[in-house]
Amino acid sequence: MTLQLQLDRLGRRLKRWRVARSFLRWLSLTLGLWLLWFWLDNLLRLPAGIRLAMLGVGLAVPVWRALQEWLRPACRPVSPARTAREIENRCGIRDNTLINACCFEQTPPEGAAGAFAWRARKVGLACAANIHPEQLFDRRALRRAGAVASVGLLIWGAYVLLLSRHAGNAFARLIMPLADIPPVTSVTVSLSPSRTVTLWAGDSLVVTAQLRAVTGRLESFNESPVLRQTQREGLREASVDLPMAAVPGAPGCHVRRFEAVREPFTCNAQFGDTWSRTLTVQVRHPPRITASAFELIPPSYAGTGTTMQAGAPMPLRVLAGSRARVSVTLDRAPQCLLWRQGGAQHALAQAGTGEWQAEVALEQGGDYLLMAGGGSEAETRPVARGEVVLLPDRTPEVALVAASRNQRVWSGAKLALPVEAGDDFGLQAVWVTAAPVAAPPERAEVLARWPYAGPPGRQGSVRERLELTLDPARFRPGESYRLEARARDWNPDGTVAVSAPLVIRIRQPEEAAEQLEGAAQEAARALEQAVAEQRRALGLTRNLEVHLDEALSRRHIGAHRESIAKAQESARKHGRSAVAALEKAAAPEATRARLSLLVEQEMGLALERITALEPPAETSAAMQPRVARLAGHQNYILNELLSLLGRLAAQARLAQERDGGATAPPMATDADRARDLQEFLKDFAAVQKRIVEQTRSLLERGPEDLTEEELEILGQLAREEGKWAALLRDRLDDLAKNPLQDFADGSMAEAFNEVWQDVQKAAESLYARKIEMAVPQEQGGLENAEELIHNLERWLTDKPDYIKWLMEEPPTLPDAPLAELPRELEDIAGELLDEESAMTEDVEDVTSGWIDSLDKGAGWDAMDGPISSMGAKGVTGNQLPNQHEIGGRSGEGRTGRSQGQMVEGTAVGKEGRQTPSRVTPTPFETGAVDDQSTASPGGATGGGKLAGFAEQGLRGPAPPPRREQMKRLAGRQTEIRQQAERLNLHLRAHGVPSGDLDAAIANMRELERHAIEGRGAEIRRAFDATLESMRSTRATIAAEAATRRERGALPRDKAEALWSGLRADVPPGYEEIVAAYYRRLAGAGEGGRSETRE
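Numbering-wise, this note's numbering comes out as the position in the sequence shown, counting from 1, plus 3.
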């Protein structure tokens, strides 16, 4: 074996030993360094900058040491000379024996030097043979390095096994020092959504932070996390901590909502000394418009051409029904571009030039949107927003009339609010809404609505009247409400007009007793106690409703029932005390009746339901509806008690203001009151029909056969009947106290009383669950109400008396049958609104001899007419009473001169137009009229019975006979017609057109017939038509005479020659000669006429 080979073998072994020792040392250093780094981060929660430096050191040092200590030596080739030199140094071999031998062996010299080299090689081989590997390697050093590395590995293993979360967290934080990796704590925080989310500009984002306890319980942490939001402002970043709201029912869950996100930001949840990973919010912006234009196409009725204007987002001011061609150019092309306006959507098509175009209809006003984005709805976002303003007509005007725009009122009070509205074309509807002051307009509730038939609807100005009862269920005490009147016209694109708001504040019921005195105050105190007990009963019922399962499982239903019944009975006791106190006070009958019905019937029904809460084996699912119905019933009773308490206080305040001399509000006119009453009765009739239909289905069934739902329906019907009974009682009181009433109001009050009695009995029968009695009582109330509406139709006058009737006297007086008198007399005398000095004879009806027994009254539009009625239904609601005589039968006489039979036994108000006393042919009857009037008997008359004495004598002429005047008018008209017929024959004989003479003759015949029949209005119409036709005939004849005077008259022989020449054909070639001949003849004719004239 050569020395080179031996040195090479020893060199490789030495290299492996050296590399192994260096690697173990490097491994120990690396493990220790990184273990130190991990522990420091776990203990100190190092910031990102230090972790970045530690990462650099932790990577640079091991890499540099690896390169220096074992990577480079491991990669360096083994050299025999280097190995020889190293062995000499390690083994102490002197004189460079090995290195010289190695060199001589590589390049052996020649000659004498060769011998020396051979000896040197021999000595080197001997030295190499005596070298053992143990002499070259320090095995203890290698073992020490291995032991240190093993200890480091063991420590790392224990660290990873025992503190895996800490090790993993430190590894992640050190490997990614700039990442927002929170350190290890007892609580972990995570965000949802995590990492990165992309939103459209304007979208909302909900961030949820979830806390999880690593050690211990989450309930021990009382604080809530905060959300740190970081947003770039220019070249710097600004951070702000935002509180997060806890989610009920989700421990450790907190949320934060971002509205209308328009700028990107980052955020993380901070909780104690830990935080969550950062959430990056990116915002996408839709494409931008670079060019846009609108080509407006007006509707066909506009008659104008198309116009161009700037496009989106500019507003569009067009007529309703117009169309627009939309052209848009964007900076970048989206997948689709949509036009949205008024609920309609149109897709714009992209042209070859990159322009988007579409034609859209503008049927209604409002905002329009240009939406760009992807194909789905969620990916589209607006790129432009504008307004479409339609110009159809003027917005209606509406006002809610009130003395004050801010009022404090009582719960249950009644407000009478006039509503005035108008429109240039016509109103479609007027309505009044109510909403809490702080509520948006969308939550407003409609209180009353007055629709008008159309189009065009109600033209001009209208005035309606809102009768509003402040129901506590709708208007809660202590709250403020906003009342607004609204109106709209028939334009489908029109807007709703809104009046100035009226703000009302509902006073607390505790203030009611302070406004009252005596028995009324005692009633108010009792009502307050009833309200308190009713609230307590309702609270106990609500408590049972919430803990029903627990009460059933522990069998505490009996205790709950007893406590609820005790509170309800206490409320009933105080309610009865209030009823007793109201009987002593001067309270309205309707209030006492309503409170009595509420205490005896409603509270009695509530006590029955409380008693029925004793099911031995009832389940929670079956009991829950019954308890809920009981709570609803008790809530209804509470609201009604509050309403009655407020009504008492309001009535007391009105009485105090009246006693104190306060100025009363202007009273409604008879027409307004009658119209309002008629609408009220129509609503009542509709409700009664519905109640009759609902109760008819229960007619054949007994109370024991009714289900819980049917009993609930029956209770609702009873309450509704009770409410209508109270309303009818109020209307009855108003009608009976009407200071402007005439003599028909007494009968209407009696009819109203019958209706109220029927509805009151119907309500009681429904409460008593006597189904068989409810239907006939409701039907009776319905029939009486319909009869009352029938009479009210004649109460409404719509125009004054401006028509003059001329009726021809009959040849003989007819024998009119005496009709049976109605139960309620229907003489309805209107208020005398005009002064006597303002009346003229031109508006007076001329009395005729016609007499009949008319069921509907003897007038037109509720006014006096020329016909005498034997039905005692003289409808005399006109504003200008007549000055002429009228006969027939009446209740207490007409407003002017009258004669005939007075069928009433009592006369109260004969005031009216002053008429002179005179003698009438009315026969006397037995008996006398109980005349309670203090006015002079020289007023309105209607005799037949004795009724006192007059201070003045008889004066005044009798009415002139008109029958003979009619006959003379017809005779004179006949003579004129005959002259016109003779004139017509002459005109036809001379070939002159007669124009409208034939029509004039026909109108003359009509005039004659109407004069014979005594129809004054038709006489006037035929007379005007005749004059118009005659004027047209005169103009036609005058024009024809002028035409005939302008025509020339040739001698007969010349004219015959002209006509014969015209009839014969001119020979060919003689046309000019014949024309010259005729011209000469014409000239000769002119000369002859000139000589004749001279």
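The C-beta atom is built at its ideal place from N, Cα and C for all residues, glycine as well.
Everything numeric in this text was worked out from a predicted model, so none of it was measured.
- Any idea what DSSP makes of Val154, helix, strand or coil? helix
- Around the Cβ of Asp244, are there at least 16 other Cβ atoms within 10 angstroms (buried) or fewer (exposed)? exposed
- Query: DSSP on Arg1083, reduced to helix/strand/coil?
  - Reply: helix
- Item | Proximity of Arg468 and Pro504 at Cβ, strictly below 8 Å | no
- Exposed or buried, what is His989 when buried is set at 16 or more other beta-carbons lying within 10 Å of its beta-carbon? exposed
- Cβ contact check for the region 289 to 296 and the region 243 to 261: 3 or more pairs under 8 Å: no
- Message: Measuring straight from C-alpha to C-alpha, what distance separates Arg411 and Thr332?
- Response: 59 Å
- Item | Pro65 - containing alpha helix (DSSP H), residue span | 51 to 69
- Message: According to DSSP, is Glu796 part of a helix, a strand, or is it coil?
- Response: A caution first: Glu796 carries a pLDDT of 44, below 50, which makes its placement in the model too unreliable to give a value.
- The beta strand (DSSP E) spanning Gly389 covers which residue range? 383 to 393
- Query: Cα separation between Ala77 and Arg15?
  - Reply: 10 Å
- Item | Cβ-based neighbour list, Leu473, same chain, cut-off 8 Å, excluding 5 preceding and 5 following | Val412, Trp413, Ser414, Gly415, Ala416, Lys417, Leu418, Ile507, Ile509, Ser646, Gly649
- Query: Taking just the CA atoms, how far does Ala272 sit from Glu548?
  - Reply: 41 Å
- Over the uninterrupted alpha helix (DSSP H) stretch that includes Ala526, give me the two end residues. 521 to 549
- Three-state secondary structure (DSSP) at Trp40? helix
- Message: Taking 8 Å as the threshold (C-beta atoms), are Gly160 and Leu27 in contact?
- Response: no
- Query: In this structure, what does DSSP give as the bridge partners for Gln982?
  - Reply: Bridge partners of Gln982: none, in fact.
- Which word fits Ala447, buried or exposed, when buried means at least 16 other C-beta atoms lie within 10 angstroms of its C-beta? buried
- Message: Less than 8 Å between C-beta atoms, sequence neighbours within five positions excluded: which residues of the same chain meet that for Met311?
- Response: Ala296, Phe297, Glu298, Leu299
- Which residues in the same chain have their Cβ closer than 7 Å to the Cβ of Tyr455, if we skip the five residues on either side of it in sequence? Leu430, Gln431, Ala432, Arg461
- With C-beta atoms as the reference, is Ala352 less than 8 Å away from Ala364? no
- On the three-state DSSP scale, how would you describe Gln976? helix
- DSSP three-state call for Asp334: helix, strand or coil? coil
- Task: Decide yes or no for the touch test of the region 580 to 588 against the region 555 to 571: beta carbon pairs closer than 8 Å, at least 3 of them.
- Result: no
- Taking just the CA atoms, how far does Pro1071 sit from Ala1085? 23 Å
- Using DSSP with H/G/I as helix, E/B as strand and the rest coil, what is Val264? strand
- Euclidean distance between Cα positions of Ser197 and Tyr162: 30 Å
- In whole angstroms, what is the alpha-carbon distance linking Arg19 and Leu30? 16 Å
- To the nearest angstrom, report how far apart Thr309 and Gln367 are at their CA atoms. 19 Å
- Host alpha helix (DSSP H) of Val582 (start-end): 560 to 587
- Item | Among Gly59, Asn642, Gln348, Pro186, nearest to Arg280 - alpha-carbon criterion | Pro186
- Does DSSP classify Trp493 as helix, strand or coil? coil
- Task: Evaluate Thr199 with the Cβ neighbour count: other Cβ atoms within 10 Å of its Cβ, from every protein chain shown; 16 or more gives buried, anything less gives exposed.
- Result: exposed
- Segments assigned alpha helix (DSSP H), at least 4 residues, entirely inside the region 603 to 658: 606 to 614
- Item | Rounded straight-line distance, which links the Cα of Leu181 to that of Cys256 | 28 Å
- Item | Delimiting residues of the alpha helix (DSSP H) encompassing Leu3 | Nothing about residue 3 can be reported from this structure: the residues present for the chain run from 4 to 1097 only.
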